[in-house]
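Worksheet: one structure, shown below.
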Amino acid sequence: MSSSVLSRSLLWILSLLVALASWRFIAFGVEASMNFMLYHAQQRPLFFFAHVGFAPLALLLMPVQFWTDLRRRRPAVHRWIGRVYAVSVLLSGIGGMLLASQTEAGTVAGLGFGLLGVVWVSVTARAVWLAREKRIAEHRVWMIRSAALTFAAVTLRIYLAVSQILGWPFDLSYTVISWACWVPNALVVEYWLLRSKKPAKGGL
Ligand code: HEM
């Protein structure tokens, strides 16, 4: 299996799993399934449910937008999914920023998540604007940036699980991960974009 097929499969599987697991509150309720979020659900239900309702939808739709065949054969479907993705990012991003400003996880974690929310919504808005301007090559680049930030939902849960397996203190791990879940994603994507711009060795 080529590394590209492997990384695409991982993107699909992990995004699907985390999105479905995030909607567990629909089946079991917030108290039973994410008790540590109950204070958000009680004190700011609109922002909380906007976030946990729409962010998983953005995560679920994101890999679909990188499906080349669908984009080529059904451009209208790509555009419609893109609109739903963008609205989901906007609503859940605003919710996420509000949750970050009120989190009991501390100021550093609040800043980490808050800045992620600002960057996520801004980058996605720029990607949408470029698509409307028909600047498709740039739209692609900004959507890749947006996807890397959406994927923070997956990296966060992987790092959190690893930190607990290693027995690291939860509060400190959570604070570090509020930044580590997205800053490296953004840097890796910038590096990858930079490299893919360079002409191949021995090329023209
Ligand atoms: C990328 C921008 C995002 C920001 C700024 C953000 C922000 C936040 C914040 C601040 C909280 C509350 C944490 C606390 O107070 O301790 C939270 C919880 C949550 N977020 Fe996000 N989030 C983002 C993306 C996502 C995505 C893409 C998903 C999709 C799965 C998601 C799903 C959840 C869920 C399910 C919770 C409830 C707690 C849990 O189950 O881990 N978030 N988010």
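Following this note's numbering, the numbering of the sequence shown begins with 9 at its first residue and continues without gaps. Heads up, the beta-carbon is just placed ideally off N, CA and C, and yes, glycines get one too. Since this is a predicted model, take the numbers as computed values, not measurements.
Among the options, the one whose alpha carbon lies nearest that of residue i
{"i": "S130", "options": "S154, A108, I34, S10", "result": "S154"}
{"i": "G37", "options": "V60, R16, Y167", "result": "V60"}
{"i": "L99", "options": "R80, A133, H147", "result": "A133"}
{"i": "P53", "options": "H147, D179, F33", "result": "F33"}
{"i": "T158", "options": "L107, S23, D77", "result": "S23"}
Distance, residue j Cα to residue i Cα
{"i": "M42", "j": "V92", "result": "26 Å"}
{"i": "Y47", "j": "R87", "result": "37 Å"}
{"i": "L19", "j": "F56", "result": "26 Å"}
{"i": "S12", "j": "V197", "result": "15 Å"}
Buried versus exposed call for residue i [16 or more other C-beta atoms within 10 Å across all chains shown]
{"i": "I173", "result": "exposed"}
{"i": "V126", "result": "exposed"}
{"i": "G122", "result": "buried"}
{"i": "P64", "result": "buried"}
{"i": "S30", "result": "buried"}
{"i": "F62", "result": "buried"}
{"i": "A58", "result": "buried"}
Residue i: CB within 8 Å of a non-hydrogen atom of the ligand HEM
{"i": "E198", "result": "no"}
{"i": "T158", "result": "yes"}
{"i": "L78", "result": "no"}
{"i": "E39", "result": "no"}
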